[in-house]
Each structure stands twice: as C-alpha cells, then as structure tokens.
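Below you can see the structure in the form of structure tokens.
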C-alpha cells in the first residue's frame, strides 16, 4: 500500500484531484459568497421597500385623523378670532366632522375658561359643562349616530398629553398609543391634537380626533413575507402598536436587541441589519422605516423582518447544487485521469525496467516504446542513447585503464628526475648559505672584539684627558704663584705635553680600530647580499618544484606541500637577511660617527700639544708674560674638557656598536636554524616525491 501511494501514477492522479478540488473549491467559494451577497442585497432592497411602503400606509391612516383635527381647528379658529361666541356652532363643527369620518372613534373641542364668551353665561347650557366651559367630546354611538359627553380634565384623563402639551408647544401632537374602552371593548388608539389660536395668536384651546389602531394592527398582521416573515409597528419609545403576539400590544419593549433600532428611530433614521429578533426570536434581517405625522414630534417605525434562513434559502440551494455538480465532475476527472495514468505508468515501468538493467551493466537489451511520439517515447529514445553511451563507456574505460598504467610509469620516472634535480639544487644553495653564515659569524665576532677594544681605548683616552685636565688646573693655580715656583710650572707643562702626546697616540689607534670596524661592517653587508641572492634562488627553485608537482597531478600533492614549506623557509631567510642588513647599516652609520668623533679628538689634542709647547717656551719669559700663561692654561683646560666630552661620545658609540654586533650574532644564529629547517624540509620533500 505504501509503494502504491509513492507511485507516480498515484501522485499524478492525486495532484490532479487536488488541483481540480481546489479549483472547484475556489469557484464554489466565490459563487457562494457572491450569491450570499446578492441575496443579502436583494433582501435589504426588498425588506426596505416593503417597510417604506407600509410606513406610507400607516402615515396616511394617521394623517386622516390629523387632517380632520386640523380642519376642525381651522374652522373654529376663524370665527373665534372675529369675536364669535357661538359655542354651539363650534361644537357642531366637531360633531359633523365625526359623523363624516366613521372610522374615527371620536373627537372633541376644548376651550380655556372664558374663551368664546364668559363661562358663567353658558353654565349647564348647550354643549358646555356645568361650570359653563366648552369641553364636548363626540363619539360614534355604535348605531350609526354620534353622541357626546363633557370631557374631564386632570387626574388620570391624560389631558396633559392631548390638551396641555399642544397648547404649550403651539404645535400639532400625535399621542402615544393607549388602551381605551369603546362600547365595552378595550381598544388601542391614539389622539391627534391641533391647537386653536385667538386673535392674539395665543393657544386658547384644542381640536382633537381619536383613531382606533385596530385596522392597522389587523392589516399589518395579515401581511405574509416568505414563510415566517412579519410586519410590526412600534413607537420610538418602544411601545408595540402592532405585533404578532397580541399580548405585547401597548406594552414597552425592554430587550437590548432593539435598543440600537429604537435609537436610530428616535433620530428619525431608517435601520437595516441582522439581529436576534424579539418579535418571534431567532436571527432575522430587519428593515425599519420611520413614520412621522404632520408637524408633530411623534415617530413610529414599521418593522419588516424575515428569518435569515429563509432569505438565504435560495442562495443555499444554489450552493448545495453547485457542490453536488462539482463533486460529480471531480469524480469523473479523477476516474479518467486514473485510467490514462495507469496506461502511461505501465509503459513507464517497462522503460524503467530497461533503465535498471542498463544501470546494472547489461547493455545488450532492447528499449521498448522508442517509436512513440509522446513524452514516453522521448524518454525511451533517451534511454537508448544511454545504452549506446554505456557501451562506448565500457570500451573507453578499458582504453583509459591502459593509458593510466602507462602514465603512472612515466609519472614515476618524471618525479624521480624532479626530485634529483631539486635535491641537488637545494643542497648546493644550503651549503653556500652555511658558508656565508659562518663568515658572517666570524665577521660579527671580529666586529664585537673591535668594539670592545674601541671602548677600552676610549676609556684610556678619557683617563689621560682627565690627567691632562688636572695638570692644566694645577698649572693655572701655580701661575698665580709664578714668582715662587717657576720650576714647578716647567715640570707640569712638560708633563702636560707628554700626556697630550699619549692622547694623540691613543686617538690614532682608536681611529684605526674604528676604520677596521667599518671595513668589517662593509664585508658583512656583502655577505648578506650573497645570502639574499641565494634565498631568492631557493624561492625560484621551490616555485619550479611546485609547478612540476602540479603537473604530476594527484601523486604530486605531497611534493607540492613540501615545496610550499621550502618556499616559506626561503622567504623567512630573505626576511631575516633583510633584518641583518638593517642592523649592519646602523653599525656603519654609528662607525662613521665614531670616526668623525675620534678625528675631532685628534685635532683638539694636537691643538693642546701646540699650546703646551708654546707654554714651555714662554716659561723662560714668564716674568713678562704671566698673564698670557694664565690665559693659555685656561684654553688648555677648556680643550681637555672638550676631549672628555668627545671621548664620552666615542664610548657611547662603542656601546651601541657592541649592542648592534650582539643583535647581528643573534640574527645569524636564527638564520642558521632556519637553514637547518630548510635542509630537513628539502630532504622530506625529495623522500615523498620518490615514494610517490
């Protein structure tokens, strides 16, 4: 079963099925969403249009009562403004109006006290009450006639709504529905009231009409939408005027579901949405259309609702049919694709079997399906090419094996020749380097010895100069007592002359030693140049060895590594030689300074010698030249001090020369170690090349 799931035919069929299913799923999803959106838009349009139509019907019904009240008010207002006191005439206007509108429950006219005459003059007369106030109410008596009775104001009569409110606001009023007994039956009704104005535009009375809402309730309850749709009528305060449940009539709706609806209704706005309908329960679509009456502030609302399931029934049926048809198409596509895939896979398995045999080295086989013009035929022809190539490969492998054996023999001989040439060249270079290193050691030792001698001679010169300085100071002191110690002066001058002579000799010998030191440093520089040239030749030889190793291929890899090490050591040798050369240059520079200092010392000592000779001759004439002798002695002391400073400089140069010589010796020792390492690496390289 696992192999079946992993087969190409199963994957192709499965992939096709997935693609078809995804395609139909996308189409079904789009179709379902589109149909649902269309159904929702159609439902909104349909329910909204119905609510607007029914709202207009309700408005016309209530407007009939409002128009009747408005007509009565205007008919009474004209004579009243003219000062008429015909109260019976005013009452008869109302009576005739109620008679002409049999659908009205009743109507009334009411004046404030002493309007249309003094109440006392009309007490108990005509349509006036016992106090003489005009407050007659006319109503249908149930026998086709119209009866009347005086109205009572205050108490629970509700007069604050139908009498006081319109007068105070000076505008028409349609009251909240209320229950009132008519001919022994409780009836839900509303009152339309219009204020009456006198000549001073003061509201002094009202004209009212009462309308039962039974007809509206029956008419709306009989309307059918879908199977369970309903039409209801509610005020902006939440009182039900028409409701499928008669128990809710004239009651206030307290559910939160309609709170947003009532809020919109109070603002005189229409509403459409999906809520849990408190009318019959369940999710329903509601369309609410506000109803207004004349100039009154009253706002009622017609609610048209239908269950969501019924509104979406058509869209759901279309969706289900689409899904069913899509499933049938998917099954058909999978079946057809499976049949075609099975046939194709059978041929592919035969071609695959041929490829397997070919992979196992069996080239004398026949490839099936080569003459087909489809992709399977192309695969078969490709496998045939593989078969031909496999045969050619077997032949080429045999030839290649023979060539490899021949190449291995030739490569071995070539590597032996390279190793011999490399060993001979490296040995010669290393011997030359070792000889040069030996010479450098000898030169460095000589340079060290000469620097020691220079420092010793400088110390002796310093001591002699110090003695000369002391003698000069003694001569200077003695010159002050020249009269008593001429003989002593002669002796001291002679001694100073002798010492300066020795200083001249020592300075000459120091100059010769420093000159020898300079020549030794020059010879060391020449040897370093020779070592640098040898290192460059070694580097070139290592580079040639690396190239030869690369030509040798895999067998020359070890040779290449060793050649790289040789090249690295040659580079280090060159670098060390450069460092020694810098040290030698420094020695040559310091030696030059020493030569110049010693020359200056020789010059000064010569001057001292000349001065001493002059002093010796002047002793004989000391009587006349005492002052001159003292001056000369001061010059001698100054010259001796200069000699001391110069000898001190020579001593410092000798110390620096000694330090540089020691550094040269240390560098030469390091160079000797690197030459030994180079020799070992060269021997290892030759051994590896020959073993390869």
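Numbering (UniProt numbering), first residue to last: 1 to 692.
We put the beta carbon where it would ideally sit given N, CA and C, even for glycine.
With a 10 Å radius around the Cβ and a threshold of 16 neighbouring Cβ atoms, residue 70 comes out buried. Its chain contains no residue whose beta carbon lies nearer than 6 Å to that of residue 655 once the 5 sequence neighbours on both sides are disregarded. One thing to note: residue 193 has its Cβ within 7 Å of the Cβ of residue 208.
When DSSP states are grouped into helix, strand and coil, residue 149 belongs to the strand group. In this model, residue 63 and residue 293 are separated by some 6 Å (Cα to Cα). Annotation: the continuous beta strand (DSSP E) that includes residue 233 extends over 230–235. Where residue 89 is concerned, the enclosing alpha helix (DSSP H) starts and stops at 87–100. Annotation: residue 352 to residue 407 spans about 39 Å, alpha carbon to alpha carbon. Under the DSSP definition of a beta bridge, residue 284 partners with 275 and 307. Residue 400 counts as exposed, since fewer than 16 other C-beta atoms from the protein chains shown sit within 10 angstroms of its C-beta.
Contact check for residue 285 against residue 311 passes: the beta carbons are separated by less than 7 Å. Between the region 567–576 and the region 536–545 there are three or more C-beta pairs closer than 8 Å, enough to call the two in contact. Between residue 243 and residue 59, the alpha-carbon positions lie close to 18 Å from each other. Residue 259 and residue 189 have their alpha carbons spaced roughly 24 Å apart. Per DSSP, residue 217 is one residue of the alpha helix (DSSP H) stretching across 214–221. Nearest Cα to residue 324 within the set 638, 681 and 25: 25. Straight through space, the alpha carbons of residue 432 and residue 574 are spaced by roughly 14 Å. DSSP, reduced to helix, strand and coil, places residue 363 outside both helices and strands of the structure shown, so it counts as coil.
For residue 525, the secondary structure class from DSSP, reduced to helix, strand or coil, is helix. The Cβ atoms of residue 369 and residue 396 do not sit closer than 7 Å to each other.
In the three-state scheme derived from DSSP, where H, G and I count as helix and E and B as strand, residue 134 is classed as strand. According to DSSP, residue pairing for residue 140 in a beta bridge involves 146. Taken atom to atom, the span from the alpha-carbon of residue 93 to that of residue 78 is near 12 Å.
Beta-carbon to beta-carbon, residue 90 and residue 67 are separated by about 19 Å, too far to satisfy the 8 Å threshold. Taking a 10 Å sphere around the C-beta of residue 339, we find fewer than 16 other C-beta atoms and assign the residue as exposed. Taking a cut-off of 8 Å on C-beta distances, the region 40–57 does not touch the region 165–184, as fewer than three cross pairs fall below it. Per the C-alpha coordinates, the member of 211, 204 and 134 positioned closest to residue 61 is 211.
In the three-state DSSP reduction, residue 197 falls in the strand class (E or B). Residue 32 holds the alpha-carbon nearest to the alpha-carbon of residue 321 among 22, 683, 537 and 32. DSSP places residue 192 within a strand segment (E or B) once states are collapsed to three. Out of 412, 100 and 80, the CA that lies nearest to the CA of residue 111 is found in 80. Nearest neighbour of residue 577 by Cα position, chosen from 674, 498 and 631, turns out to be 674. Around residue 170, the same chain offers 195 and 203 as residues with beta carbons nearer than 7 Å, after the five sequence neighbours per side are excluded. Shown here, residue 185 sits in a strand according to DSSP, grouped into three states. Look at residue 68 here: in three-state DSSP terms it is helix. Annotated three-state conformation of residue 210 is strand, per DSSP.
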